[in-house]
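Heads up: the sequence shown at position 128 corresponds to 128 in UniProt numbering, and the numbers run straight through without jumps. Even glycine gets a Cβ: it sits at the ideal position worked out from N, Cα and C. Because the structure is a prediction, the values reported are computed rather than measured. Structure record follows, encoded as C-alpha coordinates.
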Amino acid sequence: MKTIKLIFYAGLIGLWTTQAFAQALPSAKEIINKVNARNEGPYVTQEFTMELTDRRGKKQLRKTVSYRKDYEGQRKSVLFFSSPTNVKGTGFLTFDYHDADKDDDQWLYLPALRKTRRISAANRGDYFLGTDLTYEDIKKGTKISREDYTFKTLKKEQVDGKQCYLVEAIPVNDKIAKELKHSKVHFYIDPKTWISLKNEYWDISGNPLKTTEIEALVLIDNIWTVQKINAVNHKTGHRSILTFSGSDYKTELEDDLFVEQTLLRGR
(Lines of atoms letter the chains of each structure in order from A and count residues from 1; the text may use other names and numbers.)
(Lines give C-alpha, C1' and ligand atoms only; values in the text may rest on other atoms or scores of the structure.)
Protein backbone atom coordinates (compact mmCIF):
# COMPACT_ATOMS: atom_id res chain seq x y z
CA MET A 1 0.00 0.00 0.00
CA LYS A 2 2.84 2.38 0.90
CA THR A 3 4.49 1.56 -2.41
CA ILE A 4 1.31 2.44 -4.33
CA LYS A 5 1.03 5.73 -2.43
CA LEU A 6 4.66 6.57 -3.17
CA ILE A 7 4.15 5.90 -6.87
CA PHE A 8 0.96 7.98 -6.81
CA TYR A 9 2.66 10.95 -5.12
CA ALA A 10 5.70 10.65 -7.37
CA GLY A 11 3.37 10.80 -10.35
CA LEU A 12 1.68 13.91 -8.96
CA ILE A 13 5.04 15.58 -8.37
CA GLY A 14 6.16 14.72 -11.90
CA LEU A 15 2.93 16.10 -13.36
CA TRP A 16 3.19 19.24 -11.24
CA THR A 17 6.82 19.78 -12.30
CA THR A 18 5.92 19.38 -15.98
CA GLN A 19 3.00 21.77 -15.67
CA ALA A 20 5.06 24.29 -13.70
CA PHE A 21 7.76 24.23 -16.40
CA ALA A 22 5.19 24.71 -19.13
CA GLN A 23 3.59 27.59 -17.23
CA ALA A 24 6.99 29.24 -16.84
CA LEU A 25 7.26 29.57 -20.61
CA PRO A 26 4.93 31.99 -22.42
CA SER A 27 3.17 30.70 -25.51
CA ALA A 28 4.89 31.16 -28.85
CA LYS A 29 1.93 33.24 -30.02
CA GLU A 30 2.39 35.62 -27.11
CA ILE A 31 6.12 35.93 -27.77
CA ILE A 32 5.77 36.54 -31.52
CA ASN A 33 3.00 39.09 -30.93
CA LYS A 34 5.32 41.02 -28.61
CA VAL A 35 8.12 40.87 -31.17
CA ASN A 36 5.87 42.34 -33.85
CA ALA A 37 4.33 44.93 -31.50
CA ARG A 38 7.72 46.32 -30.52
CA ASN A 39 8.00 50.08 -30.94
CA GLU A 40 10.13 51.04 -33.96
CA GLY A 41 8.87 54.59 -34.40
CA PRO A 42 6.67 55.83 -37.27
CA TYR A 43 9.69 56.37 -39.55
CA VAL A 44 13.45 56.00 -39.60
CA THR A 45 16.45 56.85 -41.77
CA GLN A 46 19.58 54.71 -41.48
CA GLU A 47 22.92 54.22 -43.15
CA PHE A 48 24.60 50.86 -43.17
CA THR A 49 27.60 49.12 -44.67
CA MET A 50 27.74 45.55 -45.91
CA GLU A 51 31.02 43.66 -45.59
CA LEU A 52 30.81 40.50 -47.70
CA THR A 53 33.47 37.80 -47.32
CA ASP A 54 33.69 34.59 -49.35
CA ARG A 55 35.20 31.28 -48.18
CA ARG A 56 38.63 32.31 -49.53
CA GLY A 57 38.62 35.52 -47.49
CA LYS A 58 37.98 37.91 -50.39
CA LYS A 59 36.03 40.94 -49.16
CA GLN A 60 33.62 43.40 -50.73
CA LEU A 61 32.34 46.56 -49.04
CA ARG A 62 29.03 48.19 -49.94
CA LYS A 63 27.36 51.29 -48.53
CA THR A 64 23.63 52.00 -48.45
CA VAL A 65 21.04 54.36 -47.03
CA SER A 66 17.56 53.15 -46.11
CA TYR A 67 14.23 54.73 -45.23
CA ARG A 68 11.11 53.26 -43.61
CA LYS A 69 7.68 54.70 -42.89
CA ASP A 70 4.62 53.08 -41.32
CA TYR A 71 1.12 53.68 -42.59
CA GLU A 72 -2.25 52.40 -41.49
CA GLY A 73 -2.33 48.83 -42.76
CA GLN A 74 1.14 48.74 -44.30
CA ARG A 75 4.84 49.53 -43.94
CA LYS A 76 6.90 51.02 -46.78
CA SER A 77 10.67 50.93 -47.02
CA VAL A 78 13.26 51.80 -49.62
CA LEU A 79 17.04 51.54 -49.74
CA PHE A 80 19.70 52.76 -52.15
CA PHE A 81 23.31 51.70 -52.70
CA SER A 82 25.80 54.58 -52.73
CA SER A 83 28.98 52.55 -53.36
CA PRO A 84 30.92 50.85 -54.87
CA THR A 85 30.48 51.90 -58.49
CA ASN A 86 29.19 48.54 -59.73
CA VAL A 87 26.11 48.71 -57.47
CA LYS A 88 25.73 52.49 -57.01
CA GLY A 89 22.17 53.59 -57.76
CA THR A 90 20.66 50.15 -57.14
CA GLY A 91 17.40 50.54 -55.24
CA PHE A 92 14.97 48.26 -53.43
CA LEU A 93 11.38 49.28 -52.61
CA THR A 94 9.00 47.26 -50.42
CA PHE A 95 5.34 47.55 -49.44
CA ASP A 96 4.70 45.24 -46.51
CA TYR A 97 0.92 44.84 -46.00
CA HIS A 98 -0.59 43.90 -42.64
CA ASP A 99 -3.39 42.04 -44.43
CA ALA A 100 -2.25 38.40 -44.53
CA ASP A 101 -4.37 37.75 -47.65
CA LYS A 102 -2.55 40.42 -49.66
CA ASP A 103 0.85 39.67 -51.16
CA ASP A 104 3.56 42.19 -50.34
CA ASP A 105 5.02 44.25 -53.20
CA GLN A 106 8.75 44.48 -53.87
CA TRP A 107 10.71 46.14 -56.67
CA LEU A 108 14.44 46.03 -57.43
CA TYR A 109 15.98 48.72 -59.64
CA LEU A 110 19.22 47.83 -61.45
CA PRO A 111 20.82 50.95 -62.99
CA ALA A 112 22.98 48.90 -65.39
CA LEU A 113 19.79 47.64 -67.04
CA ARG A 114 17.87 50.89 -66.44
CA LYS A 115 14.81 48.95 -65.47
CA THR A 116 12.81 47.96 -62.39
CA ARG A 117 12.18 44.27 -61.69
CA ARG A 118 9.30 43.14 -59.55
CA ILE A 119 10.20 40.50 -56.93
CA SER A 120 7.46 37.88 -56.68
CA ALA A 121 6.54 35.96 -53.55
CA ALA A 122 8.11 32.86 -55.13
CA ASN A 123 11.50 34.63 -55.09
CA ARG A 124 11.41 36.15 -51.61
CA GLY A 125 13.75 33.46 -50.27
CA ASP A 126 16.46 34.37 -52.81
CA TYR A 127 19.59 36.05 -51.48
CA PHE A 128 19.68 39.82 -51.78
CA LEU A 129 22.41 41.03 -54.15
CA GLY A 130 25.14 38.62 -53.07
CA THR A 131 24.52 38.90 -49.33
CA ASP A 132 23.54 36.12 -46.92
CA LEU A 133 20.21 37.84 -46.23
CA THR A 134 17.17 37.12 -48.36
CA TYR A 135 14.67 39.59 -49.80
CA GLU A 136 12.36 38.45 -47.00
CA ASP A 137 15.03 39.16 -44.36
CA ILE A 138 15.58 42.67 -45.70
CA LYS A 139 11.85 43.36 -45.84
CA LYS A 140 10.97 42.06 -42.36
CA GLY A 141 13.98 43.36 -40.44
CA THR A 142 13.45 42.31 -36.81
CA LYS A 143 9.78 41.42 -37.33
CA ILE A 144 8.62 37.80 -37.78
CA SER A 145 5.87 36.72 -40.17
CA ARG A 146 3.02 35.12 -38.21
CA GLU A 147 1.29 33.89 -41.35
CA ASP A 148 4.22 31.87 -42.75
CA TYR A 149 4.93 29.64 -39.72
CA THR A 150 3.55 27.53 -36.95
CA PHE A 151 5.40 28.30 -33.72
CA LYS A 152 6.38 26.46 -30.57
CA THR A 153 8.21 27.70 -27.48
CA LEU A 154 10.92 25.11 -26.75
CA LYS A 155 12.87 26.39 -23.75
CA LYS A 156 14.94 29.19 -22.27
CA GLU A 157 18.51 29.48 -23.49
CA GLN A 158 21.29 32.01 -23.10
CA VAL A 159 22.70 34.03 -26.00
CA ASP A 160 25.73 36.16 -25.11
CA GLY A 161 24.74 36.06 -21.44
CA LYS A 162 21.13 37.05 -22.11
CA GLN A 163 18.32 34.65 -21.15
CA CYS A 164 16.20 34.16 -24.29
CA TYR A 165 13.11 32.24 -25.29
CA LEU A 166 13.90 29.66 -27.97
CA VAL A 167 10.97 29.57 -30.41
CA GLU A 168 10.81 27.02 -33.20
CA ALA A 169 9.13 28.09 -36.45
CA ILE A 170 8.03 25.62 -39.13
CA PRO A 171 6.61 26.84 -42.49
CA VAL A 172 2.86 26.23 -42.61
CA ASN A 173 3.09 24.17 -45.82
CA ASP A 174 5.47 23.01 -48.55
CA LYS A 175 4.63 25.96 -50.80
CA ILE A 176 5.71 28.49 -48.18
CA ALA A 177 8.82 26.43 -47.36
CA LYS A 178 9.82 26.48 -51.05
CA GLU A 179 9.26 30.24 -51.23
CA LEU A 180 11.30 30.90 -48.08
CA LYS A 181 13.83 28.20 -49.04
CA HIS A 182 14.07 26.75 -45.55
CA SER A 183 12.26 24.09 -43.53
CA LYS A 184 12.78 25.37 -39.98
CA VAL A 185 13.98 28.39 -38.01
CA HIS A 186 15.01 28.73 -34.38
CA PHE A 187 14.50 32.25 -33.00
CA TYR A 188 16.29 33.20 -29.77
CA ILE A 189 14.14 36.07 -28.50
CA ASP A 190 15.31 38.42 -25.75
CA PRO A 191 12.34 39.37 -23.51
CA LYS A 192 14.05 42.63 -22.55
CA THR A 193 14.01 43.99 -26.10
CA TRP A 194 11.64 41.52 -27.84
CA ILE A 195 14.22 41.11 -30.58
CA SER A 196 15.55 37.78 -31.83
CA LEU A 197 19.28 37.91 -31.08
CA LYS A 198 20.06 34.77 -33.07
CA ASN A 199 18.26 32.96 -35.90
CA GLU A 200 19.24 29.46 -37.03
CA TYR A 201 17.93 28.17 -40.37
CA TRP A 202 17.70 24.67 -41.85
CA ASP A 203 17.32 24.06 -45.58
CA ILE A 204 14.50 22.16 -47.28
CA SER A 205 16.33 18.86 -46.72
CA GLY A 206 16.77 19.55 -42.99
CA ASN A 207 20.48 20.45 -43.10
CA PRO A 208 21.97 23.52 -41.37
CA LEU A 209 21.69 26.44 -43.78
CA LYS A 210 22.70 29.71 -42.11
CA THR A 211 22.88 31.59 -38.84
CA THR A 212 22.28 35.29 -38.30
CA GLU A 213 23.25 37.02 -35.05
CA ILE A 214 22.72 40.54 -33.76
CA GLU A 215 26.05 41.53 -32.23
CA ALA A 216 25.20 45.06 -31.10
CA LEU A 217 22.02 46.80 -29.90
CA VAL A 218 21.66 50.37 -28.60
CA LEU A 219 18.77 52.43 -27.29
CA ILE A 220 18.11 55.47 -29.52
CA ASP A 221 15.18 57.76 -28.73
CA ASN A 222 13.85 54.99 -26.49
CA ILE A 223 13.85 52.51 -29.41
CA TRP A 224 16.05 49.41 -29.37
CA THR A 225 18.12 49.73 -32.55
CA VAL A 226 20.25 47.08 -34.26
CA GLN A 227 23.83 48.22 -34.81
CA LYS A 228 25.46 45.09 -36.19
CA ILE A 229 24.30 41.82 -37.82
CA ASN A 230 26.58 38.88 -38.60
CA ALA A 231 25.20 36.32 -41.05
CA VAL A 232 27.05 33.18 -42.14
CA ASN A 233 26.01 30.61 -44.74
CA HIS A 234 27.05 27.14 -43.52
CA LYS A 235 26.91 25.66 -47.02
CA THR A 236 29.00 28.21 -48.90
CA GLY A 237 31.18 29.59 -46.10
CA HIS A 238 30.12 33.09 -47.19
CA ARG A 239 29.64 35.76 -44.51
CA SER A 240 27.84 39.11 -44.43
CA ILE A 241 28.38 41.72 -41.72
CA LEU A 242 25.95 44.66 -41.67
CA THR A 243 26.90 47.69 -39.58
CA PHE A 244 24.27 50.41 -39.03
CA SER A 245 24.83 54.07 -38.18
CA GLY A 246 23.08 57.42 -38.16
CA SER A 247 19.69 56.03 -37.11
CA ASP A 248 17.30 59.00 -37.26
CA TYR A 249 13.80 58.53 -35.84
CA LYS A 250 12.95 62.25 -35.73
CA THR A 251 13.09 63.45 -39.34
CA GLU A 252 9.71 62.91 -40.97
CA LEU A 253 9.77 61.28 -44.40
CA GLU A 254 7.71 62.41 -47.38
CA ASP A 255 5.33 59.98 -49.06
CA ASP A 256 6.83 60.52 -52.52
CA LEU A 257 10.03 58.83 -51.32
CA PHE A 258 8.23 55.47 -51.41
CA VAL A 259 7.24 55.22 -55.09
CA GLU A 260 8.73 53.41 -58.09
CA GLN A 261 9.82 56.70 -59.69
CA THR A 262 12.13 57.28 -56.73
CA LEU A 263 14.06 54.15 -57.68
CA LEU A 264 14.74 55.63 -61.11
CA ARG A 265 15.90 58.92 -59.60
CA GLY A 266 18.12 57.17 -57.06
CA ARG A 267 16.67 59.37 -54.27
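Item to check | Assigned secondary structure, Tyr165 (DSSP; H/G/I helix, E/B strand, else coil) | outcome: Translated into positions along the sequence shown, residue 165 becomes position 165. DSSP places Tyr165 in strand when its eight states are reduced to three.
Item to check | Rounded separation between Gly266 and Ser27 - CA only | outcome: For the purposes of this step, residue 266 is identified with residue 266 of the sequence shown, where counting begins at 1. For the purposes of this step, residue 27 is identified with residue 27 of the sequence shown, where counting begins at 1. Straight-line Cα distance between these residues: approximately 44 Å.
Checklist entry - Does DSSP put Arg265 in a helix, a strand or coil? => result Within the sequence shown, the letter at position 265 stands for residue 265. Correct three-state label for Arg265: helix.
Item to check | 8 Å contact criterion, which Gly106 and Tyr135 should meet: CB distance rounded | outcome: Walking along the sequence shown from the start, residue 106 turns up at place 106. Walking along the sequence shown from the start, residue 135 turns up at place 135. Position check: residue 106 holds Gln in this sequence, whereas Gly was assumed. Their Cβ separation, rounded to whole angstroms, is 6 Å, which keeps Gln106 and Tyr135 in contact under 8 Å.
Next on the checklist: Just to confirm the assignment, what range does the alpha helix (DSSP H) spanning Asp174 have?
Outcome noted: Position 174 of the sequence shown, counting from 1, holds the residue named residue 174. Segment Asp174 to Leu180, the alpha helix (DSSP H) holding Asp174.
Next on the checklist: Can you look up Leu257 in the DSSP assignment and give me helix, strand or coil?
Outcome noted: In the sequence shown, the residue the question calls residue 257 occupies position 257. Looking at Leu257 - three-state DSSP - the assignment turns out to be helix.
Checklist entry - What is the DSSP secondary structure of Lys210, counted as helix, strand or coil? => result As a working note, residue 210 is residue 210 in the sequence shown. Looking at Lys210 - three-state DSSP - the assignment turns out to be strand.
Item to check | Asn33 versus Ala122: straight-line alpha-carbon distance, rounded | outcome: For this step, residue 33 is matched to residue 33 along the sequence shown. For this step, residue 122 is matched to residue 122 along the sequence shown. Whole-angstrom Cα-Cα distance: 26 Å.
Checklist entry - CB-CB under 7 Å to Ala22, same chain, minus the five flanking residues each way: which ones, in chain order? => result As a first step, residue 22 must be located in the sequence shown, where it is residue number 22. Bear in mind that the predicted position of Ala22 carries a pLDDT of just 47, short of 50, making it too unreliable to give a figure here.
Next on the checklist: Whether or not the stretch 211-228 and the stretch 65-82 are in contact is what I'm after, with contact meaning three or more pairs of Cβ atoms, one per stretch, closer than 8 Å; do they touch?
Outcome noted: no
Next on the checklist: Rounded to whole angstroms, what is the Cα-Cα separation between residue 340 and Asp104?
Outcome noted: The structure shown does not extend to residue 340, since the chain is modelled only from 1 through 267, so no value can be given for it.
Item to check | Tyr249 versus Gln46 - alpha carbon distance | outcome: Mapped onto the sequence shown, residue 249 falls at position 249. Mapped onto the sequence shown, residue 46 falls at position 46. Distance between the alpha carbons of Tyr249 and Gln46: 9 Å.
Checklist entry - Are the beta-carbon atoms belonging to Glu252 and Tyr43 less than 8 Å from one another? => result Taking the sequence shown and counting its residues from 1, the one referred to as residue 252 is at position 252. Taking the sequence shown and counting its residues from 1, the one referred to as residue 43 is at position 43. Yes, Cβ-Cβ distance for Glu252 and Tyr43 is below 8 Å.
Item to check | Continuous beta strand (DSSP E) assignments of at least 3 residues falling wholly in the stretch 9-87 | outcome: 43-53, 59-71 and 74-83
Checklist entry - Can you tell me where the beta strand (DSSP E) with Ile119 in it begins and where it stops? => result In the sequence shown, the residue the question calls residue 119 occupies position 119. Taken as a continuous stretch (DSSP letters only), Ile119 belongs to no beta strand (DSSP E), as it is neither H nor E.
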